[in-house]
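Trainee: Here it is, the structure in full.
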Amino acid sequence: MIWIWKYVDDLIGKGLELSVLMELIGYWSLWQIPMCLPLSILLSSIMTFGKLAESSELTAIKSLGISLQRAMFSLIVFNGLIAVGAFYFSNHVLPYTALRMQTMINDITQKKPELNIPEGVFYNGMDNYTIRIEKKYSDKTMRGVMLFDHRKEDNSSFIIADSGKIETISDKRGKFMKLSLYKGHAFKEDQNTNNSPLSKARPFLRSSFGEHIIYIDMSAYALQQSDGSMFKGSSQMINLRQLGIVIDSLKQDVLDRRVNLAKELNEYYYFPKDSLINVDTVHPYAMSKDVFSMIAKDSREKVIQEAQQSVRSAQGYPNRSATFEEERTLNRYRYEVEWHKKYTLSFACLILFFIGAPFGAIVRKGGLGWPVVFAILLFLIYYVLAIIGEKLGKKGSMDVGFGMWLSSIVLTPIGIFLSYKATRDSKLFSRPAFFNKIANVLKRKE
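Okay, here's the thing in structure tokens:
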């Protein structure tokens, strides 16, 4: 819904077909899987093991000598398959989804709004025409039509009709709007009359008609589907191998720029080539002593100006190189973020399962109550940490690898701790155990 409302202004009034909207919503839904899949695994694992523990089925399993890890083994394998599928989805399906989604949004944005001619208003939404309709009817007929033709610069022709009808037709040539006008007059400036620009009288030709038909090309109002080639190089629309190639290219661009900077500074800015002094004929001791005194007085001002220009160029070139390097580096950070995302989704599926399953076994609560609340709170922690790490990584304020794995680094110890407690049948979250611990702390203080 967030995505739909974000682009609602571009969707309304375009006359989009239902199939186009459903395809776009389908791409949007696929785009949300990296956020929904970890939450789904966390919630389902808590509800499943919470229900098993609540109905004493885990107790029955353990009474047969089956450990919790063995009872979870099949689900661990299944969750591992989900993680592998998530990696495949993130590396292959998601780039294609992002490409198609962005291409469709771009095509819809460029599409012209659907013709909706209001009553009593001069409507100029049609190419080369302005139309005014006094009254419209549900059968696409209209009364009191004025049509102005702007295909010529002088805008000298227009039509007034008593009534008319609008129809849409399609053939091999494309889509057209058939505008049928009845009982009217067509006015046009007489181009054969040699009129002076200062003449006040500008004669018009008037012709009457019973029926006049105009065909207006509507191809510009149809959705033009592009191939999306302009977006294929984006960081979100390429796979893991392509991301590695782009990252290496950006690193090499920065290194090449640094080498060229040192080379060109030494070659062009260390000493001017076209100097007014022939340095080959001057003794080095004399030059180091006082070079300026060796220049003729009438040439000194010119030499100063050239020196200032050389210094400004020497200062500007490193600044431009620094800007180039900063742009390439920030761009590389964005690609590195997407590179790490291919792996973090799969790992999040694993770690959230090892948090949810032990937690459900400990709290012994299933259903849609407390487990849902805990799952949402824990997922919010995961999501906020992931967003913070991604934003700081893209800006270069934090190492990209550390930022992208920040949420996993924080949640992994939690998963290990809960798994350990669930294996030992801990009453970590039960009310009696909680209050007993508080009582023990108070006794120690006494």
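Note that our numbering has the sequence shown beginning at 315, numbered continuously upward. From the three backbone atoms N, C-alpha and C, an ideal C-beta is built for every residue, glycine too.
1) K502 and S471: beta carbons closer than 8 Å?
2) Contact check, E481 vs K492 under 8 Å by CB: the rounded distance?
3) Check this for me: beta carbons of T726 and F545, under 8 Å apart or not?
4) Alpha carbon to alpha carbon, how far is L408 from I419? Give it in angstroms, no decimals.
5) Use the C-beta contact count for I654: other C-beta atoms within 10 angstroms, 16 or more gives buried, fewer gives exposed.
6) Under 8 Å Cβ to Cβ from E639, same chain only, skipping five residues before and after it: list those, please.
7) Note down the Cα distance separating I690 from Q550, rounded to an integer number of angstroms.
8) Kindly identify the DSSP beta-bridge partner or partners of T737.
9) Cα-Cα, which of D453, K479 and S452 is closest to L461?
10) Can you tell me whether DSSP reads S494 as helix, strand or coil?
11) Our contact map puts L664 next to A397 with C-beta atoms below 8 Å; I'd like the distance itself, whole angstroms only.
12) Taking the beta strand (DSSP E) that R457 belongs to, which residues open and close that run?
13) Looking at the unbroken beta strand (DSSP E) that takes in F523, where does it start and where does it end?
14) Once DSSP output is grouped into helix, strand and coil, what is the label at E760?
15) Below 8 Å between beta carbons: does that hold for I559 and Y443?
16) For A736 and L382, which I take to be in contact (beta-carbon distance under 8 Å), what is that distance rounded to the nearest angstrom?
17) Just to confirm my understanding: we take H499, look at its own chain, exclude 5 residues before and 5 after, and list those with CB closer than 6 Å. What are they?
18) Counting pairs of beta carbons, one from the segment 613-622 and one from the segment 665-684, are three or more of them closer than 8 Å?
19) At the level of alpha carbons, what is the spacing between I326 and K320?
20) Beta-carbon within less than 8 Å of H464's beta-carbon, same chain only, minus the 5 sequence neighbours each way: which residues are those?
21) So who's on the other strand from R446, going by DSSP bridges?
22) Only counting the same chain, and skipping five residues up and downstream in sequence, which positions put a Cβ closer than 8 Å to that of D324?
23) If you run the structure through DSSP and keep just helix, strand and coil, what is A689?
24) Can you give the Cα-Cα distance for D594 and V625, rounded to whole angstroms?
25) With DSSP run on the structure shown, which of helix, strand or coil describes W317?
26) Restricting to Cα atoms, I'd like to know which of K450, D739 and T637 is closest to S377.
27) Quick one: using the 10 Å Cβ neighbour count with 16 as the cut-off for buried, is M718 buried or exposed?
28) Could you tell me which residues DSSP pairs with H499 in its beta bridges?
Mentor: On the basis of the supplied data:
1) yes
2) 4 Å
3) no
4) 16 Å
5) A small correction: the amino acid at residue 654 is His; Ile does not occupy that position in the sequence shown. H654 comes out buried.
6) V568, R571 and R572
7) 27 Å
8) According to DSSP, T737 bridges with nothing at all.
9) K479
10) If DSSP states are grouped into helix, strand and coil, S494 belongs with the strands.
11) Contact holds; Cβ gap of about 5 Å.
12) T455 to D463
13) Per DSSP, F523 is one residue of the beta strand (DSSP E) stretching across F518 to D531.
14) coil
15) no
16) 6 Å
17) The residues I474, R520 and S522, in chain order, have a CB closer than 6 Å to that of H499 in the same chain once the five nearest residues on each side in sequence are set aside.
18) Contact fails between the segment 613-622 and the segment 665-684, because fewer than three Cβ pairs, one in each stretch, are under 8 Å apart.
19) 12 Å
20) N442, Y443 and T444
21) M460
22) I419, I422 and T423
23) When secondary structure is reduced to three states using DSSP, A689 falls in the helix class.
24) The pLDDT assigned to D594 is 49, lower than 50, so where the model puts this residue is not dependable; a value taken from the coordinates is nonetheless given after this. Straight-line Cα distance between these residues: approximately 23 Å.
25) helix
26) D739
27) That one is buried.
28) I474 and S522
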